[in-house]
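*Asks:* One structure, pasted below without further comment.
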Amino acid sequence: MATLTMPVEEKKKTSEQEALITGAEAIAIACKLANVDVVTAYPIRPYDTVMQYISQLVADGEMDCEYIVAEGEHSQFEIVKHASACGARVFCGSSGVGWMYAMEALTVTPALRLPLVAMVGNRALDDPGAFGVEHNDALAVRDLGWMLTWVDSAQEALDTALIAYRVAEDRRMFVPLALSCDGAFLTHSQSLVNIPTAEQVKKFLPRYDRGDLLLHPDNVISVAPQANEDWVMEIRRQNFAVTEYACDVIREVYADFEKIFGRKYGNPFFEEYMTEDAEVVLLGMGTLSTPVRVAIRKLREQGKKVGFVRLRWFRPFAGPEIAKCLERFKAIGVIDRDFSFGSPNLSGVVATEVRSAMYTGSTARPPVLGFICGLGGREVTVPDVENMTEIVFQAAKGKTQPWTQWIGLRG
Amino acid sequence: MGQLFSVEIIYRGVFQKTLAKNITRDIVLAAHNQGKLGISFGRYGDAPERNGIPAKSFAIVANDEQTLEAGMAQYEPKQVDLTVVLDDTLCKGAESWAWYGLHPVHHALKAGRTLIVVSLQDAAALLKTIHRREEPYKLALLKGVTSFSGMWVYKDDHTDVRVLGAIAKALPELVSFASVEKFITDKLKNPLKVTSARTAYDRFTAIEIKPGQGNPEELFNFGLPKWEDMRLGVSIKGQPQGGPYEDPVSKTVGGFRPVRNELFKKYTTRTMRPVVNFATCTKCTLCWLNCPDASFDVTPDGTYDADLKGCCGCGICEAVCPVKDCITMVNESEFHDNDSQWARFKQDRDAYLQWLEKTIEEAEPVEKRSQGFRYRGQYQEQVPAALEIANKG
Numbered sequence: 002m003a004t005l006t007m008p009v010e011e012k013k014k015t016s017e018q019e020a021l022i023t024g025a026e027a028i029a030i031a032c033k034l035a036n037v038d039v040v041t042a043y044p045i046r047p048y049d050t051v052m053q054y055i056s057q058l059v060a061d062g063e064m065d066c067e068y069i070v071a072e073g074e075h076s077q078f079e080i081v082k083h084a085s086a087c088g089a090r091v092f093c094g095s096s097g098v099g100w101m102y103a104m105e106a107l108t109v110t111p112a113l114r115l116p117l118v119a120m121v122g123n124r125a126l127d128d129p130g131a132f133g134v135e136h137n138d139a140l141a142v143r144d145l146g147w148m149l150t151w152v153d154s155a156q157e158a159l160d161t162a163l164i165a166y167r168v169a170e171d172r173r174m175f176v177p178l179a180l181s182c183d184g185a186f187l188t189h190s191q192s193l194v195n196i197p198t199a200e201q202v203k204k205f206l207p208r209y210d211r212g213d214l215l216l217h218p219d220n221v222i223s224v225a226p227q228a229n230e231d232w233v234m235e236i237r238r239q240n241f242a243v244t245e246y247a248c249d250v251i252r253e254v255y256a257d258f259e260k261i262f263g264r265k266y267g268n269p270f271f272e273e274y275m276t277e278d279a280e281v282v283l284l285g286m287g288t289l290s291t292p293v294r295v296a297i298r299k300l301r302e303q304g305k306k307v308g309f310v311r312l313r314w315f316r317p318f319a320g321p322e323i324a325k326c327l328e329r330f331k332a333i334g335v336i337d338r339d340f341s342f343g344s345p346n347l348s349g350v351v352a353t354e355v356r357s358a359m360y361t362g363s364t365a366r367p368p369v370l371g372f373i374c375g376l377g378g379r380e381v382t383v384p385d386v387e388n389m390t391e392i393v394f395q396a397a398k399g400k401t402q403p404w405t406q407w408i409g410l411r412g
Numbered sequence: 120m121g122q123l124f125s126v127e128i129i130y131r132g133v134f135q136k137t138l139a140k141n142i143t144r145d146i147v148l149a150a151h152n153q154g155k156l157g158i159s160f161g162r163y164g165d166a167p168e169r170n171g172i173p174a175k176s177f178a179i180v181a182n183d184e185q186t187l188e189a190g191m192a193q194y195e196p197k198q199v200d201l202t203v204v205l206d207d208t209l210c211k212g213a214e215s216w217a218w219y220g221l222h223p224v225h226h227a228l229k230a231g232r233t234l235i236v237v238s239l240q241d242a243a244a245l246l247k248t249i250h251r252r253e254e255p256y257k258l259a260l261l262k263g264v265t266s267f268s269g270m271w272v273y274k275d276d277h278t279d280v281r282v283l284g285a286i287a288k289a290l291p292e293l294v295s296f297a298s299v300e301k302f303i304t305d306k307l308k309n310p311l312k313v314t315s316a317r318t319a320y321d322r323f324t325a326i327e328i329k330p331g332q333g334n335p336e337e338l339f340n341f342g343l344p345k346w347e348d349m350r351l352g353v354s355i356k357g358q359p360q361g362g363p364y365e366d367p368v369s370k371t372v373g374g375f376r377p378v379r380n381e382l383f384k385k386y387t388t389r390t391m392r393p394v395v396n397f398a399t400c401t402k403c404t405l406c407w408l409n410c411p412d413a414s415f416d417v418t419p420d421g422t423y424d425a426d427l428k429g430c431c432g433c434g435i436c437e438a439v440c441p442v443k444d445c446i447t448m449v450n451e452s453e454f455h456d457n458d459s460q461w462a463r464f465k466q467d468r469d470a471y472l473q474w475l476e477k478t479i480e481e482a483e484p485v486e487k488r489s490q491g492f493r494y495r496g497q498y499q500e501q502v503p504a505a506l507e508i509a510n511k512g
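In the order they appear, the protein sequences are chains A and B.
Just so we're on the same page, this note's numbering is the position in the first sequence counted from 1, plus 1.
Just so we're on the same page, this note's numbering is the position in the second sequence counted from 1, plus 119.
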């Protein structure tokens with residue numbers, strides 16, 4: 002386990018510092034930089050790494066926050082929910098079944114318009130008990146009013162955590178956000194990260210202002226009363242309104258981020274790799290991008306024009322933009338590190354969403370194939386990617402392929 | 120389309136839940152004896168019920184399946200052919216705990232149709248509380264003690280079959296008395312109940328109520344806002360704190376009166392109200408402390424005055440009050456306003472105390488106490504007296 006390489010006299014520094022840290026450490030540092038007020042914790046791997054790093058920052062006197070170890074994930078999320086209602090900037094997180102144990106708290110948070118930021122260290126859902134990455138845990142809240150974003154590197158984890166607070170706490174939004182990080186590949190691997198200065202972050206991230214929604218003796222309000230069918234639809238519609246402009250808010254925040262920190266993310270919603278002249282593309286989320294990029298470079302040497310689209314934001318889902326991006330390819334292969342039981346075409350979640358976005362966002366009808374792989378932390382290998390690419394090329398040539406295939410499966 | 124009939128039973132939550140459910144079920148089964156089809160259901164928004172809260176149960180009956188389906192294709196009947204009110208204090212208005220606003224009891228009754236009220240009062244007395252409306256209707260009284268029981272106990276005092284008998288007379292197109300009789304004989308298997316139903320059927324009379332006749336009180340209106348206009352985050356602005364107020368006679372300012380929600384009165388839940396003897400009150404604070412709805416104002420005198428718009432009549436104040444007859448629960452049908460008792464006491468002390476004595480005396484007979492299950496077997500003991508009153512006609 003790495004020790005923190007944060008410079009002790011960080012305040013005196015005016016420029017970014019480079020450090021070799023894990024994705025979890027990067028998020029812990031982002032929490033410190035964002036001056037988070039309340040952190041709740043309950044151990045579960047791989048999320049627990051971030052709680053360890055935050056507790057270390059608190060113990061070392063580098064970070065000042067209420068650090069509460071709850072008796073379980075449900076309380077963990079309830080505590081930050083209430084703290085957020087009182088105007089505190091909050092952080093919490095979990096993984097796999099821990100996230101599921103908090104489900105009741107997760108479902109009540111969006112309607113209350115609480116901008117809590119959570120880190121989901123993606124982990125396979127029990128049973129069988131397994132630590133490895135699988136995206137079904139975070140995806141379980143995809144329809145419930147949470148924003149969901151996936152990151153690919155420790156740097157992106159740090160930056161996106163800062164962006165997350167800015168987006169979630171925007172008065173137009175006020176909805177919770179889950180920052181998904183692949184267990185092991187991201188949470189436990191160290192890489193070089195540029196750590197911004199406190200001044201930069203201060204400039205980027207304004208104070209969390211809850212205004213008239215603040216739960217405070219000076220602003221007496223009742224939150225979450227019982228309501229009947231005369232009210233619920235209107236409350237749901239208020240939450241849906243957020244999705245109408247969420248993409249604009251996110252674009253705005255990324256543009257500001259680039260101005261202040263100088264790092265360019267381009268299109269906030271997805272990253273394209275070698276797509277300019279590509280005939281077919283693969284699409285996926287999270288750290289599987291590494292073997293995919295390696296395989297693509299290898300395939301390109303053989304003259305195979307394949308590219309990759311890595312989705313960053315799953316909720317909101319930038320449907321029209323994604324459709325516009327994908328309509329120019331002859332075939333698309335969506336790699337899901339999840340499964341969607343009984344779904345149309347028996348695909349993963351992302352493949353189903355991409356197909357749906359294509360249907361309304363484009364008149365082009367390239368085949369959208371689904372691949373389910375890397376479940377439970379299984380390695381997505383370079384040959385796996387080559388295999389998937391070959392299948393997509395076959396579809397592009399008009400050879401009928403199954404809508405969904407399991408890759409890297411024994412049998 | 121064939122003939123469709125909707126019947127609405129307005130009842131007191133918990134105390135009459137089983138009774139209302141039985142009546143709507145029995146209507147459907149009795150009409151089925153004539154080959155009709157139907158369904159019965161409680162209003163979903165009323166569950167889980169609170170003690171005494173105005174609640175509704177429905178029966179929908181049709182001659183054929185398609186007509187029945189047309190009647191079922193709505194959350195609840197918006198217009199009914201018959202309304203039965205199982206407790207006369209409900210005539211002050213029905214307000215569900217899930218809050219649909221405060222409605223008069225004949226809110227859903229079609230023009231010219233019948234409102235049946237179980238009551239010991241006469242029509243003139245009831246019309247002091249039943250709100251006036253623009254459409255004419257008929258008012259029928261089913262003489263009897265209000266049948267109250269509890270969550271787990273049912274008082275089988277024949278109110279169910281007496282209502283059925285009255286319905287057969289009020290709306291013979293829905294169900295004939297022969298069908299009611301057959302249902303009671305086949306299913307309830309109690310010849311005495313047939314007699315009770317027949318008595319109700321035979322003695323049934325209804326009077327015409329003209330437009331504008333009745334209680335002139337304006338029921339407050341409430342508009343549902345558009346989604347864009349609602350506060351975010353499922354939040355409601357709190358009430359201001361409240362403070363001291365003025366003695367109407369001495370003009371002394373003191374005490375404490377909280378500001379209460381103008382849109383949620385809760386008094387329609389009440390079947391009994393506390394009457395307070397301000398002369399014997401020792402200012403012990405127990406009623407004020409124990410009231411679950413914070414319904415007591417602290418008067419400038421330091422005594423406690425129940426706010427009768429917020430009081431739901433639970434009776435806890437009476438139970439905790441250590442002074443004899445200082446707080447007494449009295450049947451709500453004795454009252455026609457929600458004015459402050461303390462103000463009346465201050466304006467004319469002697470008149471108030473005389474009124475109080477008389478009221479408490481009249482409130483003593485057990486049939487006037489609308490609720491209060493105290494021991495096992497109590498309800499069975501009450502049945503003969505209830506039947507006697509009912510059959511006196």
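Where is the CB? At the ideal position from N, CA and C, for every residue including glycine.
1) If you run the structure through DSSP and keep just helix, strand and coil, what is Tyr-273 of chain B?
2) So, does the CB of Leu-351 of chain B fall closer than 8 angstroms to a CB anywhere in chain A?
3) Which same chain residues, not among the five before or five after Val-369 of chain A, have their C-beta less than 7 angstroms away from its C-beta?
4) Could you name each continuous beta strand (DSSP E) segment of 3 residues or more that falls completely within the stretch 137-161 of chain B, going from the start of the chain to the end?
5) For my contact list, Phe-270 of chain A and Ala-319 of chain A are in at a C-beta cut-off of 8 angstroms; report their separation, rounded to the angstrom.
6) Give a yes or no on whether the minimum CB-CB distance between Val-9 of chain A and chain B is below 8 angstroms.
7) Just to confirm the assignment, what range does the alpha helix (DSSP H) spanning Glu-273 of chain A have?
8) For chain A, check one thing: does any of its Cβ atoms lie closer than 8 angstroms to the Cβ of Lys-356 of chain B?
9) At 8 angstroms on the CB atoms, spell out the chain A contacts of Gly-164 of chain B, in chain order.
10) With 7 angstroms as the C-beta to C-beta threshold (strictly closer), list the residues of the stretch 84-105 of chain A near chain B in chain order.
11) Does the CB of Leu-5 of chain A have a neighbour CB from chain B at under 8 angstroms?
12) Rounded to the nearest angstrom, what separates Lys-204 of chain A and Arg-167 of chain A at their Cα positions?
13) Ser-223 of chain A touches chain B at which residues, Cβ-Cβ below 7 angstroms?
14) My understanding is that His-206 of chain B touches Val-237 of chain B, with C-beta atoms under 8 angstroms, so please give their C-beta distance in whole angstroms.
15) Beta-carbon within less than 8 angstroms of Thr-137 of chain B's beta-carbon, same chain only, minus the 5 sequence neighbours each way: which residues are those?
16) Would you check if the stretch 104-116 of chain A and the stretch 176-186 of chain A touch, i.e. whether three or more CB-CB distances between them fall below 8 angstroms?
17) Judging by CA-CA distance, which residue of B:Trp-216, B:Gly-220 and B:Leu-209 is the nearest neighbour of Leu-234 of chain B?
18) Can at least three beta-carbon pairs, one atom from the stretch 16-33 of chain A and one from the stretch 149-166 of chain A, be found at a separation below 8 angstroms?
19) Taking the CB atoms as reference points, tell me whether Ala-213 of chain B and His-225 of chain B lie closer together than 8 angstroms.
20) With 8 angstroms as the threshold, decide whether the Cβ of Trp-474 of chain B is near any Cβ in chain A.
21) Check Tyr-320 of chain B in the structure and name its three-state DSSP category.
22) Excluding the 5 residues flanking Val-307 of chain A on each side, which residues of the same chain have their C-beta closer than 8 angstroms to its C-beta?
23) Counting only runs of 4+ residues fully inside the stretch 212-272 of chain A, write out the alpha helix (DSSP H) ranges in chain order.
24) Roughly how many whole angstroms lie between the Cα atoms of Asn-369 of chain B and Thr-478 of chain B?
25) Considering only the alpha carbon of each residue, which of B:Phe-397, B:Asn-409, B:Ile-446 and B:Val-449 lies closest to Gln-466 of chain B?
26) Counting only Cβ pairs nearer than 9 angstroms, list the residues of chain B close to Pro-226 of chain A.
27) Consult DSSP for Lys-370 of chain B and reduce its assignment to one of helix, strand or coil.
28) Between the stretch 123-140 of chain A and the stretch 365-379 of chain A, do at least 3 Cβ pairs fall closer than 8 angstroms?
29) Assign Glu-300 of chain B to one of three DSSP states: helix, strand, or coil.
30) Bridge partners of Gly-362 of chain B, per DSSP?
31) Using a 10 Å radius around the Cβ and a threshold of 16 neighbouring Cβ atoms, would you call Val-395 of chain B buried or exposed?
32) Please confirm whether Trp-407 of chain B has its beta-carbon closer than 8 angstroms to some beta-carbon of chain D.
33) With DSSP as the reference, label Thr-390 of chain A as helix, strand or coil.
34) Quick check on the DSSP output: what are the complete beta strand (DSSP E) runs of length 3 or more inside the stretch 84-148 of chain A, in order along the chain?
35) Would you call the stretch 408-422 of chain B and the stretch 373-383 of chain B touching, i.e. three or more CB-CB distances under 8 angstroms?
36) Using the Cα positions of Leu-289 of chain A and Trp-314 of chain A, report the straight-line distance between them to the nearest angstrom.
*Replies:* On the basis of the coordinates in this document:
1) coil
2) yes
3) Ile-333, Val-335, Ala-352, Val-355, Arg-356 and Met-359
4) 156-161
5) 4 angstroms
6) The predicted model places Val-9 of chain A with a pLDDT of 48, which falls under 50 and marks its position as unreliable; any figure quoted below should be read in that light. Cβ-Cβ to chain B under 8 angstroms: no for Val-9 of chain A.
7) Looking at the DSSP string, Glu-273 of chain A is not in any alpha helix (DSSP H); the run it does join, the beta strand (DSSP E), is 271-274.
8) yes
9) Asn-229 and Glu-230
10) none
11) Reliability of the predicted coordinates at Leu-5 of chain A is poor, the pLDDT of 48 falling under 50, and the value obtained from them is presented with this limitation in mind. By the rule that beta-carbons nearer than 8 angstroms mark a contact, Leu-5 of chain A does not touch chain B.
12) 11 angstroms
13) Ser-354, Ile-355 and Gly-357
14) Per the sequence shown, the amino acid found at residue 206 of chain B is Asp instead of His. Val-237 of chain B and Asp-206 of chain B do touch by the CB rule: their CB atoms are close to 7 angstroms apart, below 8 angstroms.
15) Closer than 8 angstroms at the Cβ level, and outside the excluded window around Thr-137 of chain B, lie Ser-268 and Tyr-273.
16) yes
17) B:Leu-209
18) yes
19) no
20) no
21) In this structure, Tyr-320 of chain B counts as helix in the three-state DSSP scheme.
22) Correct list, in chain order: Met-275, Ala-279, Glu-280, Val-281, Val-282, Leu-283, Ile-297, Leu-300, Arg-301, Thr-390, Val-393 and Phe-394.
23) 233-262
24) Sequence inspection shows Ser at residue 369 of chain B; the Asn mentioned does not correspond to that position. So the two alpha carbons sit approximately 27 angstroms from each other.
25) B:Phe-397
26) Val-353, Ser-354 and Ile-355
27) coil
28) Because the criterion of three Cβ pairs below 8 angstroms is met, the stretch 123-140 of chain A and the stretch 365-379 of chain A touch.
29) helix
30) B:Arg-376
31) Counting other Cβ atoms within 10 Å of its Cβ, Val-395 of chain B reaches 16 or more and is therefore classed as buried.
32) Although the question refers to chain D, the structure presented lacks it and instead comprises the protein chains A and B.
33) helix
34) Within the stretch 84-148 of chain A, the complete beta strand (DSSP E) runs of at least 3 residues are 91-95 and 118-123.
35) yes
36) 16 angstroms
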